[in-house]
Amino acid sequence: MDCTDSLDLSAVMATTLHDMKNELTLFNQSIETIANKTYTNESERQQELTHLREQSEHMSIMLTQALTMYKNQGNNLAINIEEVFIRDLLDDVKARFHWVTLRRGINIEIICDEDLFWYCDNQLISYTLNDIISNALRFVEKNIQIIAQTADNKLEISILDDGIGFNSDIIKSVQDISLKPRKSSSNHSGLGLFFAQLTAQAHHKADRHGEITLTNGGDLGGGIFTLHLP
Numbered sequence: 078m079d080c081t082d083s084l085d086l087s088a089v090m091a092t093t094l095h096d097m098k099n100e101l102t103l104f105n106q107s108i109e110t111i112a113n114k115t116y117t118n119e120s121e122r123q124q125e126l127t128h129l130r131e132q133s134e135h136m137s138i139m140l141t142q143a144l145t146m147y148k149n150q151g152n153n154l155a156i157n158i159e160e161v162f163i164r165d166l167l168d169d170v171k172a173r174f175h176w177v178t179l180r181r182g183i184n185i186e187i188i189c190d191e192d193l194f195w196y197c198d199n200q201l202i203s204y205t206l207n208d209i210i211s212n213a214l215r216f217v218e219k220n221i222q223i224i225a226q227t228a229d230n231k232l233e234i235s236i237l238d239d240g241i242g243f244n245s246d247i248i249k250s251v252q253d254i255s256l257k258p259r260k261s262s263s264n265h266s267g268l269g270l271f272f273a274q275l276t277a278q279a280h281h282k283a284d285r286h287g288e289i290t291l292t293n294g295g296d297l298g299g300g301i302f303t304l305h306l307p
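According to the numbering used here, the sequence shown is numbered sequentially starting from 78.
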């Protein structure tokens with residue numbers, strides 16, 4: 078049994094829309110604050126605009142993931158396997174957050190061989206990594222690492238940050254094969270991790286399926302998300 082066997086699409090959409098409603102409320106409040114506030118210096122205004130940009134980016138990612146699942150009507154995600162140069166994929170993901178990281182002084186370091194390639198779905202992997210980085214930016218101090226390498230005939234893409242790390246409940250939930258969107262202590266549904274699980278499991282070779290793992294520590298001391306693809 079995988080996490081798509083008993084997927085209730087209507088429940089997923091309802092959870093996502095509830096999250097979107099909360100995000101839009103915060104987004105509108107931020108716009109109103111910026112519109113009515115008198116700024117004493119430009120850096121303060123830019124800081125609040127950066128936060129607004131982060132909120133917008135996160136909502137865009139949520140919508141993309143929800144629409145992808147809706148198009149598949151709750152079934153296993155349809156994937157388009159092709160030869161993908163992983164460094165190019167990671168560079169594109171990093172570029173999406175250039176404006177935010179520049180304004181906040183956050184460094185995203187990519188560690189990946191230039192000639193590393195894999196057969197996978199470029200778009201689904203990008204969606205997944207975009208979401209993980211978007212969430213990492215909420216807790217990161219100054220540094221994020223994206224490390225891609227091969228091990229045990231699998232591609233491993235890890236995202237490390239120097240934030241507070243994952244709490245034990247989230248780590249445990251990912252170890253549950255029936256992982257589904259659910260409310261957490263942060264009041265988010267966990268749609269991103271659920272989508273990452275779907276993406277990983279959609280990639281398979283013979284009887285080997287992809288998976289995701291969450292740990293804490295590493296060189297940066299915060300959370301570590303790893304996508305394993307056969």
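Quick reminder that beta carbons are idealized off the backbone N, C-alpha and C, glycines included.
So which of the options has the shortest CA-CA distance to residue i?
i      : options                        : result
Leu297 : Leu268, Phe216, Leu275         : Phe216
Ala283 : Val177, Ser120, Asn230, Thr292 : Asn230
Gly294 : Cys197, His305, Asp239         : Asp239
Leu275 : Ile223, Lys249, Asp198         : Asp198
Gly242 : Asp96, Leu103, Ala279, Phe302  : Phe302
Thr111 : Leu268, Leu103, Arg122         : For the record, residue 111 in the displayed sequence is Ile; it is not Thr. For Ile111, the nearest C-alpha among the options comes from Arg122.
Lys219 : Asp192, Leu179, Ser245         : Leu179
Leu103 : Asp192, His135, Ala279         : His135
Ala277 : Thr145, Ser250, Leu154, Leu144 : Leu154
Gln222 : Asn113, Asp168, His95          : Asp168
Leu94  : Glu119, Ile158, Leu144, Ser120 : Leu144
Ala172 : Phe162, Asp192, Asp190, Ile210 : Ile210
Using DSSP's beta-bridge definition, name the partner residues of residue i.
i      : result
Gln226 : Glu233
His281 : His286
Phe162 : Phe194
Leu306 : Leu232
Gly300 : Asn293
Asp168 : DSSP output for Asp168 lists no bridge partner at all.
Asp96  : Answer is none; Asp96 lacks a bridge partner.
Glu186 : Gln222
Asp238 : Ile221
Residue j and residue i - do their beta-carbons sit closer together than 9 Å?
i      : j      : result
His194 : Ile185 : According to the sequence displayed, residue 194 carries Phe and not His. No. Outside cutoff.
Gly287 : Leu237 : no
Ile188 : Leu206 : no
Thr375 : Val170 : As shown, the chain starts at 78 and ends at 307. That puts residue 375 outside it, with no answer to give.
Ser203 : Leu166 : yes
Glu160 : Tyr196 : yes
Met97  : Tyr147 : no
Ala225 : Arg164 : yes
Leu304 : Ile289 : yes
Glu245 : Leu270 : A small fix is needed here, since residue 245 is Ser in this sequence, not Glu. For Ser245 and Leu270, no; Cβs fall outside 9 Å.
Phe162 : Asp192 : yes
For my contact list, residue i and residue j are in at a C-beta cut-off of 8 Å; report their separation, rounded to the angstrom.
i      : j      : result
Gln142 : Phe272 : 4 Å
Glu100 : Gln132 : 6 Å
Ile156 : Leu201 : 6 Å
Ile247 : Leu291 : 6 Å
Ile108 : Leu129 : 7 Å
Of all Cβ atoms in chain B, is any one closer than 9 Å to the Cβ of residue i?
i      : result
Thr141 : Absent from the structure: chain B. Only one protein chain is present.
- Any chance the region 176–192 sits against the region 209–223, with 3 or more Cβ pairs inside 8 Å? Cβ pair count under 8 Å is three or more, so yes.
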